[in-house]
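Colleague: I have a structure here, written as structure tokens, and I will follow up with some questions on it.
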Amino acid sequence: MSLDVHGRTLLVHHWDTDGICSARLLFEELRDVSAENRTLRIGNYFLTEEELVDFSGYDSIIIADMVLPVENVLRLAEGSEVTIFDHHIQPPIESVIQHNPIAMGAEPDDHPSASWVVSEFLGREIDLYTLLGMVGDREHRIKENERFWPIISEFCLEYGMAFDDMLRMVELLDSNYKTGDKRAVEMAPRLLLESGGPSDILENREWNRNVELLEEEMDRLLNLPSEDMLGVTVKRITTQYNIISALTRKLAWGSGRSVMVVNTGFFEDSDQLYVRSPDRDMRALIERAVGLGFKAGGKKDVMGAIVPKEETEGLLKEASEYLG
Ligand SMILES: [Mn+2]
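Last residue of the sequence shown: 386 in my numbering, with the numbers rising by one and none dropped.
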């Protein structure tokens with residue numbers, strides 16, 4: 063199928079590898095259309111009023127790999143034709159064109175990335191970007207996927223690459239959002255379109271420099287002392303880098319303990335909070351945080367939240383009581 067857009071076209075995509083690769087694939091399809099692309103303020107999963115006003119100036123808007131609040135999508139759809147490509151859990155939304163098999167009840171393992179949803183829609187052959195999107199979202203766990211792991215292995219063999227090379231490419235592409243460089247994220251899809259072979263990605267100097275900086279910062283943060291709150295490990299950090307989820311995972315690994323990390327250095331008025339537990343179901347805590355009016359999301363074993371600075375201690379206390 064071909065993509066039906068008209069007039070000024072804007073591509074809004076997630077900042078991670080899957081979002082960048084999905085945008086790269088869509089750009090190729092939109093080659094004759096003067097499309098622009100944007101990601102969100104890194105760390106935000108909603109549009110600001112400024113972005114809503116700005117985006118509504120476009121005739122067609124394509125949203126890739128990014129679940130926005132339904133009211134954001136509906137607002138964009140008032141004046142623009144909106145098309146969504148996604149693989150996250152999302153309610154069906156009328157008044158937009160929605161390519162999201164998961165929203166229609168399909169199996170997540172059959173649609174492991176937005177890049178795959180895009181690629182399938184466009185009827186493309188398997189290529190590097192489609193597969194990088196999957197590896198980015200699933201990392202090592204893609205090896206357990208009976209449908210796609212054989213495809214990835216065969217692709218690697220054919221192009222003389224190791225799976226580790228793909229993981230490294232993901233690390234390099236993701237370094238742009240982890241260092242908080244929104245502009246670099248927005249430049250990446252065109253870069254991949256113009257010169258995006260494996261070696262162009264692996265040898266990109268800026269991205270390699272990013273990875274070094276991120277590793278140094280991760281070491282610094284791991285070495286900071288942590289405290290104990292009712293049997294829960296609590297780490298307080300101040301970093302401008304978006305590495306709280308990776309840090310929390312490292313702290314939790316093998317410790318058997320619940321871990322909470324607070325970053326006071328990412329947002330001006332709010333803290334980033336990340337919680338991971340080996341045994342407690344986080345979904346009740348997520349609901350509680352949302353009920354308290356915070357932006358919170360996650361899964362069974364992990365919660366991420368953005369909390370106004372003056373409310374952080376209260377939520378930490380409540381979370382530690384729940385987990386301890
Ligand atoms: Mn994705």
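The beta carbon of each residue, even a glycine, is placed where N, CA and C say it ideally should be.
According to the Cβ coordinates, are Trp77 and Tyr239 closer than 7 angstroms?
Modeller: Position 15 of the sequence shown, counted from the start, is the residue given in the question as residue 77. Position 177 of the sequence shown, counted from the start, is the residue given in the question as residue 239. In this structure, Tyr239 lies closer than 7 angstroms to Trp77 by Cβ.
Colleague: Compute the beta-carbon to beta-carbon distance between Ser84 and Ala176, rounded to the nearest angstrom, for a pair I have assumed lies under 8 angstroms.
Modeller: Position 22 of the sequence shown, counted from the start, is the residue given in the question as residue 84. Position 114 of the sequence shown, counted from the start, is the residue given in the question as residue 176. Sure, about 4 angstroms apart at Cβ, within 8 angstroms.
Colleague: In its own chain, which residues sit with a C-beta less than 6 angstroms from the C-beta of Tyr120, not counting the 5 before and 5 after it?
Modeller: Residue numbering aside, residue 120 sits at position 58 when the sequence shown is read from its first letter. So the list reads Arg70, Leu72, Ser142, once near-sequence residues are dropped.
Colleague: Please confirm whether any heavy atom of ligand 1 lies closer than 6 angstroms to the CB of Ala165.
Modeller: Position 103 of the sequence shown holds residue 165. No; taking the cut-off as 6 angstroms, the Cβ of Ala165 has no heavy atom of ligand 1 nearer than that.
Colleague: Let me confirm a value: Val115 is counted as buried when at least 16 other C-beta atoms fall within 10 Å, else exposed. Which label applies?
Modeller: On the sequence shown, position 53 is the one that residue 115 refers to. Looking at its Cβ environment, which holds fewer than 16 other Cβ atoms inside 10 Å, Val115 is exposed.
Colleague: Kindly indicate the opening and closing residues of the beta strand (DSSP E) around Met128.
Modeller: As a working note, residue 128 is residue 66 in the sequence shown. Where Met128 is concerned, there is no enclosing beta strand (DSSP E), given that its DSSP letter is neither H nor E.
Colleague: Can you have a look at Ile214 and say buried or exposed, based on whether 16 or more other CB atoms are within 10 angstroms of its CB?
Modeller: Stepping through the sequence shown from its first residue, residue 214 is reached at position 152. Buried is the call here.
Colleague: Is the beta carbon of Asp148 closer than 7 angstroms to that of Asp80?
Modeller: Taking the first residue of the sequence shown as 1, we reach residue 80 at position 18. Taking the first residue of the sequence shown as 1, we reach residue 148 at position 86. No; because the gap between Cβ atoms is not below 7 angstroms, this pair is not in contact.
Colleague: Alpha carbon to alpha carbon, how far is Glu220 from Arg100? Give it in angstroms, no decimals.
Modeller: By 1-based counting over the sequence shown, the position of residue 100 is 38. By 1-based counting over the sequence shown, the position of residue 220 is 158. Between Arg100 and Glu220, the C-alpha separation is close to 33 angstroms.
Colleague: Quick one: does the C-beta of Asp171 sit closer than 6 angstroms to a heavy atom of ligand 1?
Modeller: Locating residue 171 in the sequence shown gives position 109, where the first residue counts as 1. Not under cutoff, so the answer is no.
Colleague: What residue range does the beta strand (DSSP E) around Leu377 cover?
Modeller: As a working mapping, residue 377 is identified with position 315 in the sequence shown. Unbroken run through Leu377 is the alpha helix (DSSP H), 374 to 385; no beta strand (DSSP E).
Colleague: Could you tell me the alpha carbon to alpha carbon distance between Gly376 and Asp281, rounded to whole angstroms?
Modeller: For the purposes of this step, residue 376 is taken as residue 314 along the sequence shown, with counting starting at 1. For the purposes of this step, residue 281 is taken as residue 219 along the sequence shown, with counting starting at 1. Computed Cα separation, rounded: 29 angstroms.
Colleague: Just to confirm, does Ser175 get its C-beta within under 6 angstroms of one of the non-hydrogen atoms of ligand 1?
Modeller: To locate residue 175, count along the sequence shown from 1; it is residue 113. Yes, since a heavy atom of ligand 1 falls inside the 6 angstroms radius drawn around the Cβ of Ser175.
Colleague: Do Gly386 and Val294 have their beta-carbon atoms positioned less than 7 angstroms apart in this structure?
Modeller: Within the sequence shown, the letter at position 232 stands for residue 294. Within the sequence shown, the letter at position 324 stands for residue 386. Cβ atoms of Val294 and Gly386: closer than 7 angstroms.
Colleague: Start and end of the beta strand (DSSP E) containing Val325?
Modeller: Along the sequence shown, read from residue 1 onward, the residue named residue 325 stands at position 263. For the record, residue 325 in the displayed sequence is Asn; it is not Val. 321 to 325 is the extent of the beta strand (DSSP E) around Asn325.
Colleague: When you compare each of Leu194, Ile348, Val321 to Pro340 by their alpha carbons, which one comes out closest?
Modeller: Numbered from its first residue, the sequence shown carries residue 340 at position 278. Minimum Cα distance to Pro340 is reached at Val321.
Colleague: Report yes if the C-beta of Asp236 is less than 6 angstroms from at least one heavy atom of ligand 1; otherwise report no.
Modeller: Sequence index remark: in the sequence shown, residue 236 carries index 174 (1-based). No; taking the cut-off as 6 angstroms, the Cβ of Asp236 has no heavy atom of ligand 1 nearer than that.
Colleague: Find out if the Cβ-Cβ distance for the pair Leu234, Trp211 is shorter than 7 angstroms.
Modeller: Taking the first residue of the sequence shown as 1, we reach residue 234 at position 172. Taking the first residue of the sequence shown as 1, we reach residue 211 at position 149. Not closer than 7 angstroms, so no.
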